[in-house]
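Colleague: First residue of the sequence shown? That's 1 in full-length UniProt numbering, and the numbers climb one at a time after it.
Cβ coordinates follow ideal geometry from the N, Cα and C atoms, glycine included.
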Amino acid sequence: MIPLLSKTLTIPSLPLRCSTRLTLTPHSLFTRFTSTPTPTQTRPMSSDSIQRVFQLKLDPLTGNSEWVIIEDGNKEEEETFKSSSNALLATTSYLDMLNDDTRNRAFREAIDKTITKPCHVLDIGAGTGLLSMMAARAMGTCDDSKKGMVTACESYLPMVKLMRKVLNLNGMGKNVKIFNKRSDELQVGVDIPSRADVLVSEILDSELLGEGLIPTLQHAHDMLLVDNPLTVPYRATTYGQLVESTFLWKLHDLSNNEEEASDGIHLVPAGLDTILRVQAKQHPMHCDAISKEINLLSEPFKIFEFDFWKRPDSQGDSKLLIKATNDGRIHAVVSWWILQLDSEGTIFYSTAPRWITSPIATYTGNWCDHWKQCVWFIPGEGIPISKGEEVHLHAVHSDTSVSYNLATQATEIRECDSIAGDSHLTLCPERIAIYGDRKWRSCMLTALKNLLQARVHPLCVVADDSVFLSLLVAHLSKTSNVIALFPGLRERGVQYLKAVADANGITADRIEVFQKKKYLTLNDTKQKKVDLLIGEPYYYGNDGMLPWQNFRFWKERTMLDSVLAEDVLVMPCKATLKACAMSLPDLWKSHRCLSKIEDFDHSIVNNTLGACGDLPAPLEGPLLPFFIWQCGETKELSETFTIMEFDLSKSIGPCYGKAQVINPHLPLSFFCNSEHQGHYCWDLVVRFLGSKFLDIIPYSRSWFVL
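1) If you reduce the DSSP assignment to three classes, tell me which class Thr-238 lands in.
2) Can you name, in chain order, every residue of its own chain whose Cβ lies under 6 Å from the Cβ of Ser-651, other than the five neighbours on each side?
3) Go through its chain and collect everything with a Cβ distance to Ile-192's Cβ below 6 Å, but skip five positions before and after it.
4) According to DSSP, what are the bridge partners of Ile-178?
5) Using the C-alpha atoms, what's the distance from His-266 back to Gly-508?
6) Would you report the Cα separation of Val-391 and Lys-310, rounded to the nearest angstrom?
7) Just how far apart, CA to CA, sit Lys-596 and Val-166?
8) Please return the same chain residues whose Cβ sits closer than 6 Å to the Cβ of Val-396, not counting the five positions on each side in sequence.
9) Provide the residue(s) that pair with Tyr-404 in DSSP beta bridges, ordered along the chain.
10) For Gln-515 and Leu-489, what's the separation of their Cα atoms in angstroms?
11) At the level of alpha carbons, what is the spacing between Leu-497 and Trp-554?
12) According to DSSP, simplified to helix, strand and coil, what is Lys-161?
13) Counting C-beta neighbours from all protein chains within 10 Å, is the total for Gly-271 16 or more, i.e. buried, or is it exposed?
14) What do you reckon, are the CB atoms on Gln-340 and Tyr-435 nearer than 7 Å?
15) Per DSSP, residue 710 forms a beta bridge with which residues?
16) With distances taken from CA atoms, which of Glu-598, Gly-264 and Leu-131 is nearest Ile-203?
17) Return the CA-CA distance between Ser-47 and Phe-179, expressed in angstroms with no decimal places.
18) When burial is assigned at 16 or more other CB atoms within 10 Å of the CB, is Gly-125 buried or exposed?
19) Go to Ser-470, then tell me how far its alpha helix (DSSP H) extends in each direction, as first and last residue.
20) By Cβ distance below 8 Å, which residues in the same chain neighbour Arg-438 in space, the five residues on each side in sequence not counted?
21) Grab the span of the alpha helix (DSSP H) containing Arg-431 for me, first residue to last.
22) Among the residues of its own chain, which have a CB less than 7 Å from the CB of Leu-609, if the five just before and after it don't count?
23) If I'm right that Leu-594 touches Ala-611 with Cβ under 8 Å, what's the distance once you round it to whole angstroms?
24) Tell whether a beta-carbon distance below 7 Å holds between Ile-290 and Ala-106.
25) Run the CB neighbour count on residue 708, radius 10 Å, all protein chains shown included, and call it buried at 16 or more, exposed below.
26) Are the CB atoms of Ile-111 and Met-139 nearer to each other than 7 Å?
27) For Asn-295, which beta-bridge partners are listed by DSSP?
28) Going straight from the alpha carbon of Leu-98 to that of Asn-104, what length do you get?
29) Looking only at its own chain, which residues have a Cβ that is under 7 Å from the Cβ of Glu-332, when we skip the five neighbours before and after it?
30) Return the Cβ separation of Arg-329 and Glu-381 in integer angstroms, given the expectation that the two are a contact with Cβ distance under 8 Å.
31) When the distance is taken between beta carbons, is Pro-616 closer than 7 Å to Asp-399?
32) Measure how close the beta-carbons of Val-188 and Leu-224 come, nearest whole angstrom, since I'm counting them as under 8 Å.
33) Which of the three DSSP states, helix, strand or coil, is assigned to Asn-481?
34) How do the region 299 to 315 and the region 273 to 286 stand: do at least 3 beta-carbon pairs fall below 8 Å, yes or no?
35) In the DSSP output, which residue or residues are listed as bridge partners for Thr-231?
36) For Pro-622, name the three-state secondary structure that DSSP assigns.
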C-alpha cells in the first residue's frame, strides 16, 4: 500500500493528524494569533497571603502588548493563565534541558559525591525541583530525617506550581521547602532558619553569565551561604578559538556585503560602518552545523575561570597572546565553557564543539539545544593573519556578558564602535545577511520596478519596518510620496533615515514616518488614496516568531482598506504555506516526552512543557519555530508540497486549503502516530514564503517549525 498524506492545519496550532483541514477566518486572524512571552517577560510578585504574577500578553498581528496580573486562587484567571503559561513554558529550554541525559547524570553524580551527610541545601532557580530531589535523596531525607533541609527557590509562578506536582508525584513534597521568590528576596531568619551549607544551582546560558550567574552568586555568598560552602557545580571555565568563516562574516558585515548589490541603496554608507549592525554580544549558535565552512586559525585558549564556591567579582579581564596556526582572516571568536561539577575534578560537562578533542571536553554525542557555542563577530572584513603571527586578545566580562577586542602588530585593537545618538539600528544576524544578499535584493528591485512602471506621482505606504524598501522606493521614483509606518522602529527609524538619506541621494523629507499609534487615515494622507502598499514583510523585534505571524502584513492591508485606491498594488501580493515531512531525530529527542530522570518521575510535566509524542489524546505538542540548519541531523522524507495560498492583495477573508501527498518512502506508521521509530521520528515541517517571487529565504537556511 502506498501511504497517502492528508493533513489538516489549524493556525496557529497545526496538529499532526491523519486527516486535517486548514481554515482561516477574519476572526481567527484577529484574535487567535497570539504569542507568549519568554520568562523574562513575566514579573513575579510575592506576599504573605497571595501569589501574583505579571503576564505579558502579546498580539503578533498588531504588535500590541499589555501586562496583566494573575492572582493565585482566582480560578477564572488561573484557567486563562494556565493555558498561556503552558504555551510559554513550551517555548523555553526546560524540556530540552531535562532531556539532556549527560547533564542530568553529571549533576546527580556530583551531588551524590558532594552531599554525604544531612545539611542545609539551597537550590537557586529550582525549575522542576530535579536538583532539590537529588540533594534530598543524597542526604537521606526521603526517610523523613529531621536533620537535613532542602530549600528550593524559584521565581516563576507557573514553574513553582509544576515543581509542587513533580515533588508530590515522587513523594518528596515534605522534603523540599519551596519559595516563590528570587534568591535575592530570601532572608535568613525570616524565610530560612540559617545559612545554607551547600549550594546546588544551574542558572547558566550558552554564554555562561547571561542568566545572572555573577550577581546571584554574590548575593548568595553575602547573605545566604556559610563561609566556604560546598557547591555543585564547583567551577566553570570559558574557552575560545579564532576562526575564519565566510558564512559568519555574511551574518554581520553588511557594509562590505552590500557593495555587490545593483540597486544603488546603501544601508551602511561609507563612514557610517556601524549605523546598521548586529548587537555587539556573543551570539548562541550550533557551530558544528557550519564546521565545514570554518577554518580554524588558532588552538583553543582559556579565557575566564569562575569559582562557584567563592564570591565572584562583577568585572574582570583577561589579556592573551595567541599564535595563529593557519593563514586566513579572523572573522569571529567561537567560545564555549566547561563545568567542573565536583571539587576533585572528576566530573565534567562541556559545551565544546565536536572538533575539540580535549579529554574533559570531548563531544559526547548528546545533541542539545539549550546550550550552544557562542560567536563573537570581528567588525568589518575581519583581521588578516599569517601562520605563526601573534594576536593580542583582550577579553572583558561584566555581571552578565563577555566581550572581546583583538589586534595584531599590523592592526589596532578592533572594538565595536558606537555612534552618538539614536541613529544606529541593531538587527539579528539573519536579517543582516538577508540585507546583504544580492539575490534577495535583486528580487525586491525587480518587483518594485514593475510596480512603479504604471504609477505617476504614486503615494506609497511601507507597512512594516523595512528601511530597505523605504529607501528603495524613494530612490527609484523621484516623484513618489513615501509614508513608512515603522510599527516597531518608530523614532529609531526616523533617526536612521535622517543619517543615511544623503548617501542614498534623497532628502530626509522624501520619506514621512507615521508615528501616530492609530491607523493611517485620509486626513493623514491629505485625502490622497494609497497607490502602493509594500512590505518585506519584516517587523522589528519579532525575531523568533512563527513564520505565518508575518500575516500581520495582511491585517495591516485590511485595516488600511479605507485609504487604499481601488487599483492599489500590493507587495507581497501572495503568500504560500508549504510543508515537508522530515526526520529530525536530534530535535525530537530533545523535545520527547519525559518519564524518569535519574529515577525521578517527570511524566506529569510533558503537556505543560510541550513534549512531543506519547501524549494522551487529545493533547498535542506545540508548534515551535526553528532554523532547520541548527537542528542537528535532518532528512527530508517527502517532497515539498503546497498547503494553502493567500491573496494578500485583498482584505482578509475565509481561506481553505487541503493537501494530499503520495510518497512511497514514508512508512505507514508515519500516518498512524508521531512516535519515534528506531533512530528516526516523523514531524510536520512548515515553511512560510513571504512573496510569490521569492522562493528561498537566504541565510536563514529555511524557517521551519516543529
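Modeller: Short version:
1) strand
2) Thr-558 and Asp-561
3) Thr-151
4) Ala-152
5) Inspection of the sequence shows that residue 508 is occupied by Ala rather than by Gly. Approximately 14 Å between the Cα atoms of the pair.
6) 32 Å
7) 11 Å
8) Asp-317 and Ser-403
9) Ala-395
10) 10 Å
11) 25 Å
12) helix
13) exposed
14) no
15) Since the first residue of the chain shown is 1 and the last is 706, residue 710 is not available in this structure.
16) Leu-131
17) Residue confidence is low: Ser-47 scores 38 on pLDDT, short of 50, so the model does not pin down where it sits. Its coordinate-derived value is still stated next. Those two C-alpha atoms are separated by around 11 Å.
18) buried
19) 467 to 476
20) Glu-260, Ala-261 and Ser-262
21) 429 to 435
22) Leu-89, Ala-90, Tyr-94 and Leu-95
23) 6 Å
24) no
25) Only positions 1 to 706 of the chain appear in the structure, and residue 708 is not among them; the question remains open.
26) no
27) Glu-244
28) 7 Å
29) The question names Glu, but residue 332 in the sequence shown is Ala. These residues qualify, in order along the chain: Val-243, Ser-245, Leu-248, Val-375, Trp-376, Phe-377 and Ile-378.
30) 7 Å
31) no
32) 7 Å
33) strand
34) no
35) Leu-199
36) coil
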